[in-house]
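In my numbering, the protein residues as written are 242 to 409.
The structure is reproduced here in structure tokens:
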């Protein structure tokens with residue numbers, strides 16, 4: 242993918258859904274979804290938790306995996322001194338962003354009494370490359386593994402030729 246390619250993710254959730262889940266599971270639920278820093282910020286505010294939930298879903302869509310492909314806590318939503326939300330990636334989410342050539346994801350979160358909405362926007366600044374799911378090896382049969390290995394060799398050859406052409 243060329244540098245400048247953009248990815249967009251959006252998510253909406255009912256605040257009541259988060260409120261009900263918190264009432265039922267409490268700290269177990271928030272500990273599974275939020276980092277310790279996020280838990281301190283969210284405290285007992287279901288609308289704020291819902292905003293973080295929507296943000297993590299939106300960011301996972303930018304990364305092309307959905308939350309099932311990465312861990313909830315691999316996407317951390319911070320609050321800048323200006324009040325603006327910022328994204329910090331860990332683990333598999335950080336690996337995926339690196340594969341995509343994406344070093345920053347912009348984020349906007351809003352919530353009203355009934356709903357929380359988040360929009361995430363990522364730009365591939367380094368170009369990235371066509372990427373497979375992080376667990377692709379476990380999903381392939383032998384023939385598919387050979388094809389994937391061949392594609393990786395071709396990609397490496399292409400990068401070598403491009404580097405030599407550009408004088409590097």
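In this text, a Cβ means the ideal position worked out from N, Cα and C, and glycines have one as well.
- The region 266-334 is shown to contain whole beta strand (DSSP E) runs of 3 or more residues at 316-320, 326-330, in chain order.
- The beta-carbon distance between residue 346 and residue 358, rounded to whole angstroms, is 16 Å. This is too long to meet the 8 Å contact definition.
- By DSSP's assignment, residue 347 forms a beta bridge with 362.
- Only residues of its own chain outside the window of five on either side were considered, and among them 276, 278, 279, 328, 329, 330, 331 have a CB closer than 8 Å to the CB of residue 317, listed in chain order.
- In this chain, the beta strand (DSSP E) harbouring residue 247 covers 247-255.
- Taking C-beta atoms as the reference points, residue 248 and residue 304 count as a pair closer than 9 Å.
- Taking the Cα of residue 336 as reference, the smallest distance to any Cα among 394, 408, 312 is reached at 312.
- In the DSSP assignment, residue 389 falls within the unbroken alpha helix (DSSP H) covering 383-406.
- Under DSSP, residue 357 takes part in a beta bridge, and its partners are 254, 352.
- The alpha-carbon of residue 265 is positioned some 48 Å away from that of residue 388.
- Put simply, the backbone Cα of residue 294 is about 45 Å away from that of residue 405.
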